[in-house]
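*Asks:* For the sequence shown, the working numbering assigns the number 20 to the initial residue and increments by one for each residue that follows.
Where a beta carbon is used, it is the ideal one built from N, C-alpha and C, also for glycine.
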Amino acid sequence: MSNPTRLRAISLYKELVRLGRDYPNPNYNFHGKLRRAFEKYRDARGEEAEKALKLGEYIKQETIALYSLRKYRYLKKAYYSDIREPSTVSTLDELSK
């Protein structure tokens with residue numbers, strides 16, 4: 020792995036480790052799977068290394084999306100915990116009839 024590719028891989032690994040700290044499912048073993056994936060592509064060169072880095076970037080984006088979804092669900096549950104009934108107030112269309 021060339022030096023710039025190696026630096027990108029190290030940077031990506033650090034970002035994924037930080038993201039993995041808050042992974043929603045502790046039984047998933049995010050760090051173990053991350054380490055095995057990076058060890059698998061340790062000797063990758065050229066196009067194979069680029070493909071592995073793109074896969075890592077994809078995993079990073081999906082993990083961020085997972086966190087955003089978890090945050091959205093939490094906020095939705097906090098503010099809309101009760102099931103709202105349809106409004107019983109008449110609308111302008113109903114009043115004009």
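Compare the Cα-Cα distances from E23 to each of L94, E69, R89 and Y60 and report the closest residue.
*Replies:* According to the sequence shown, residue 23 is Pro rather than Glu. Taking only the C-alpha atoms, the option nearest P23 is E69.
*Asks:* Does the Cβ-Cβ distance between L74 and R27 come in under 9 Å?
*Replies:* Contact: no.
*Asks:* Check whether the Cβ atoms of E76 and L31 sit closer than 9 Å, and answer yes or no.
*Replies:* yes
*Asks:* State yes or no: is the C-beta of R89 within less than 9 Å of the C-beta of P45?
*Replies:* no
*Asks:* Looking only at its chain, what residues have a beta carbon closer than 8 Å to the beta carbon of E34, apart from the 5 residues adjacent to it on each side?
*Replies:* K79
*Asks:* Within 9 Å of any Cβ in chain B, is that where the Cβ of Y99 sits?
*Replies:* This model lacks chain B altogether; it includes just one protein chain.
*Asks:* Taking the runs of the beta strand (DSSP E) that are 3 residues or longer, which of them lie wholly in the stretch 49-87?
*Replies:* none
*Asks:* Please classify P11: does DSSP put it in a helix, a strand, or coil?
*Replies:* Since the first residue shown for the chain is 20 and the last is 116, residue 11 is missing from the structure and cannot be characterised.
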